[in-house]
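Using our numbering, you'd call the opening residue of the sequence shown number 1 and step up by one each time. Just so it is clear, CB atoms sit at the ideal spot from N, CA and C, and this is done for glycine as well. Structure record follows, encoded as structure tokens.
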Amino acid sequence: MKGSNICQKKKGVPKKKADARIEALEKELQYTKENLQNTIEELETSNEELKSTNEELQSTNEELQSTNEEMETSKEEQQSMNEEITTVNTELQGKIDELSGSNNDMKNLLDAIDVPMIFLDNDLCIKRFTSHSTRIINLIQTDIGRPIGDIVSKLEDVNLTEDAEAVLKDLVFGEREVLTRDGSCFSMRVAPYRTNENVIDGVVLTFIDLTNSKEAEKQERRLATVVKDSNDAVTIQDFDGNILAWNRGAEEMYGYSEAEALKMNIRDIIPKEKQKEALELLKKIKKGDEVKSFKARRKAKDGKLLDIWLTVTILVDAEGKPVEIATTERDLAWLSE
């Protein structure tokens, strides 16, 4: 029995070790299973996170794609806008060139016309002036921006500042004759400067030279006095023979008043037998042939026939075209006395 217990003990040692080993293996297996389970769970969590990240990346990618499309659209819009800006710049440059050309044309026009003009702003300071303005006021280019009242004027008894202020106040066109110290005569016109929008933006001073016309008027008055008071008959008629002027000498010679004569034709004082001759003379005058003074016959209101010495003068227009006929007629009977 004793030997038998010993044998059992010997046989029990390996069993215990085997059980311990099994137990250890089971524990290790359990640990491994737990680790594997944790790893699986972590892997599943990672997969879910990766899936979520992938979805986020996909969403981000879609947003980037959308952003790229928006940027492409913006690029196209920007390009279109640049093209529009280029077109607008081209049109603007064209307008600038056109405006520059207009300004040059206006400057050349103002310089070409023999009319002194001065442009003032609302403060009555000089904006621009034509080169002929120096005949009226001592102006130089550096005077632009200066008040008109500070510039020395050649005008007699004229206050340009007061005249300009009156026009700005009442907005009424003003005109009057003025004289310079050298005796020249001008028609001074002061008018409001209106923009295209009908806004008052200053004053324009314009000076029209009347010196020659005034002298011509004097000469004309002198000549008219001489003609009117002449003892010779002086008449003016058109190429149809209608009487346009009839002086006092003609009234005394022919017996018709001026009022009567202005309703008559020159044929009314030409005897019938001389009218054909007068018609031929008229044709020569129309052709521009020179007509020397000659002896002619006329008929007075009372029927008396008069032998006269006739001088014909052709009156022409500004282009040198014959328009009227002037005659000076002297009674030869009066000369023989």
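Simplified DSSP assignment, three categories, for residue i
i, result
"SER153", "strand"
"ASN265", "strand"
"THR195", "coil"
"ARG181", "coil"
"GLY202", "strand"
"LEU305", "strand"
"LEU124", "coil"
"SER230", "coil"
"LEU210", "coil"
"GLY288", "coil"
"LYS10", "With a pLDDT of 49 at LYS10, under the threshold of 50, the predicted position of this residue should be treated as unreliable, though the coordinate-derived value follows. Three-state result, LYS10: helix."
Alpha-carbon spacing of residue i relative to residue j, whole angstroms
i, j, result
"GLU76", "THR86", "15 Å"
"ILE285", "GLU324", "10 Å"
"ALA326", "THR235", "6 Å"
"GLN78", "THR130", "48 Å"
"LYS29", "GLU49", "This sequence places Leu at residue 29; Lys is not what is there. For LEU29 and GLU49, the distance between alpha carbons rounds to 29 Å."
"LEU99", "LEU160", "31 Å"
"LYS263", "ASP209", "38 Å"
"ASN54", "GLU83", "42 Å"
"LYS274", "GLY320", "30 Å"
"GLN141", "HIS132", "13 Å"
"ILE144", "ASP232", "60 Å"
"ASN122", "ALA318", "41 Å"
"SER230", "GLY249", "6 Å"
"LEU120", "TYR193", "8 Å"
"THR67", "MET81", "20 Å"
"LEU332", "THR134", "57 Å"
"MET117", "THR206", "5 Å"
"ALA261", "ARG297", "18 Å"
"ILE6", "GLU34", "Low confidence applies to ILE6: its pLDDT is 47, below 50, so where it sits in the model is not reliable, and the reading given next is rough at best. Near 42 Å, if we compare the C-alpha coordinates of GLU34 and ILE6."
"LEU25", "GLN58", "46 Å"
"LYS127", "SER213", "30 Å"
"THR211", "VAL158", "18 Å"
"GLU251", "GLU258", "7 Å"
"THR60", "THR45", "22 Å"
Bridge partners - residue i, DSSP secondary structure assignment
i, result
"ARG146", "Answer is none; ARG146 lacks a bridge partner."
"PRO322", "VAL316"
"ILE140", "DSSP, once it has assigned bridges, lists no residue as partnering ILE140."
"ARG328", "In the sequence under discussion, the amino acid at residue 328 is Thr, which differs from the Arg named in the question. VAL234, THR311."
"SER187", "GLU177, ILE208"
"ALA18", "Note: ALA18 sits in no beta bridge, so no partner."
"ASN242", "ASN265"
"MET71", "Beta-bridge pairing links MET71 to no other residue."
"ILE118", "PHE129, LEU205"
Bounding residues of the alpha helix (DSSP H) (the contiguous stretch that carries residue i)
i, result
"GLY249", "248 to 254"
"GLU165", "160 to 170"
Unbroken beta strand (DSSP E) run spanning residue i, endpoints
i, result
"ALA233", "233 to 237"
"ILE270", "Run containing ILE270: none; DSSP gives neither H nor E here."
"ALA296", "294 to 299"
Quiz item: Between the stretch 157 to 176 and the stretch 196 to 210, do three or more beta carbon pairs fall short of 8 Å?
Solution: Output reads yes: the stretch 196 to 210 touches the stretch 157 to 176.
Practice problem: Examine the Cβ distances between the stretch 174 to 187 and the stretch 81 to 95 and report whether three or more of them are shorter than 8 Å. | Solution: Because the criterion of three Cβ pairs below 8 Å is not met, the stretch 174 to 187 and the stretch 81 to 95 do not touch.
Quiz item: Does the pairing of the stretch 285 to 296 with the stretch 308 to 317 give three or more beta-carbon distances under 8 Å?
Solution: Judged by Cβ distances under 8 Å, the stretch 285 to 296 makes contact with the stretch 308 to 317, as three or more pairs qualify.
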